[in-house]
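Enquirer:
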Amino acid sequence: MGGFDSIFLIIIVNFLSPTLGCFSFEVIVMSFALVFLLTLAVPHIIYAQNSQQDYLNAHNVARARVGIKNMVWNSTVAAYAQNYANRRRGDCNLVHSGGPYGENLAKGSGTFTGTKAVNLWTTERTYYDYITNTCASGHVCGHYTQAVWRNSDQLGCVRVPCTNNGWWFVICSYYPRGNDVGQVPY
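Residues in the sequence shown are numbered from 26 upward in steps of one, following the working numbering.
1) Near T138, what residues of its chain come up, given a Cβ to Cβ distance below 6 Å and the 5 sequence neighbours on each side ignored?
2) Keeping to the same chain, check which residues put their C-beta closer than 8 Å to that of R114; ignore five residues upstream and five downstream.
3) In whole angstroms, give me the CA-to-CA distance for C166 and Y80.
4) Which parts of the segment 91-118 are runs of the alpha helix (DSSP H), unbroken and 4 residues or longer, counting only runs that do not cross its ends?
5) Roughly how many angstroms separate the alpha carbons of T157 and D205, rounded to a whole number?
6) Alpha carbon to alpha carbon, how far is Q107 from S198?
7) Exposed or buried, A89, counting other C-beta atoms within 10 Å across all chains shown (16 or more means buried)?
8) Please identify the residue among L130, A103 and P125 whose C-alpha is closest to the C-alpha of N118.
9) Do V102 and G181 count as a contact pair if the criterion is CB distance below 8 Å?
10) Can you tell which of K132, W174 and T136 has its C-alpha closest to the C-alpha of R150?
11) By alpha-carbon positions, which one of S122, V143, Y169 and G92 ends up nearest to Y152?
12) At what residue ranges does the segment 114-169 contain a whole run of the beta strand (DSSP E), taking only runs of 3 or more?
13) Going by C-alpha to C-alpha distance, which of Y200, G207 and I93 sits closest to S100?
14) Helix, strand or coil for I70 per DSSP?
15) With DSSP run on the structure shown, which of helix, strand or coil describes R88?
16) Apart from the five residues just before and just after N95, which ones in its own chain have a Cβ nearer than 6 Å to its Cβ?
17) Would you identify the three-state DSSP class for Y200, choosing helix, strand or coil?
18) Pick helix, strand or coil for Q208, following the three-state DSSP scheme.
Laid out in structure tokens, this is it:
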């Protein structure tokens with residue numbers, strides 16, 4: 026919030042500066058209101074699409090399309106995801122942990138959010154054929170099937186900055202794990 030305090034002080038100093046003249050009470054009140062609204066909005070912008078609820082919502086939209094129950098957040102699974110993400114920060118290679126949970130990984134630059142990662146995985150739906158339980162030739166769909174795996178109803182996800190290239194690493198872990206060979210996801 027320190028940045029907003031500075032903006033606020035600059036506005037006040039400018040209003041009270043004798044070289045600029047006097048300003049009306051309404052202008053001062055509007056400036057206070059603007060600064061107040063900015064202080065409320067910025068934290069939401071910073072954390073937008075990376076909260077627990079954002080991860081759950083993105084998954085549950087895909088699950089609702091196929092008529093299965095919503096996922097719930099599991100703090101143990103999330104802690105596992107956090108620990109693994111912390112180990113991947115240095116290189117952010119998309120290497121699976123080999124741990125006890127189902128897992129989807131993604132990375133991206135700039136404004137790559139957790140929600141964008143989940144949407145990337147769930148758009149693989151286009152390539153999944155439920156009748157044959159296969160992916161279209163030349164495409165992958167295992168991220169999608171894990172996200173909508175009926176029995177995988179507990180979720181933990183995290184997004185961390187990569188330390189070597191300005192990218193983001195996203196991991197979602199699922200309990201119980203899905204993608205059992207020979208079974209359909211839903």
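Where a beta carbon is used, it is the ideal one built from N, C-alpha and C, also for glycine. Being a predicted model, the structure only gives us computed values, none of them experimental.
Expert: So, from the listed chains and residues:
1) Q74 and N75
2) V185, P186, C187, T188 and F194
3) 19 Å
4) Taking only runs of at least 4 residues, the alpha helix (DSSP H) segments lying wholly in the segment 91-118 are 100-113.
5) 15 Å
6) 10 Å
7) exposed
8) L130
9) The answer is yes: Cβ separation under 8 Å.
10) W174
11) Y169
12) 127-134
13) Y200
14) Here the model assigns I70 a pLDDT of 37, short of 50, so the residue's position is not dependable, and the following value carries that caveat. Per DSSP, reduced to three states, the secondary structure at I70 is helical.
15) helix
16) Closer than 6 Å at the Cβ level, and outside the excluded window around N95, lie N85.
17) Reduced to three states, the DSSP call for Y200 is strand.
18) coil
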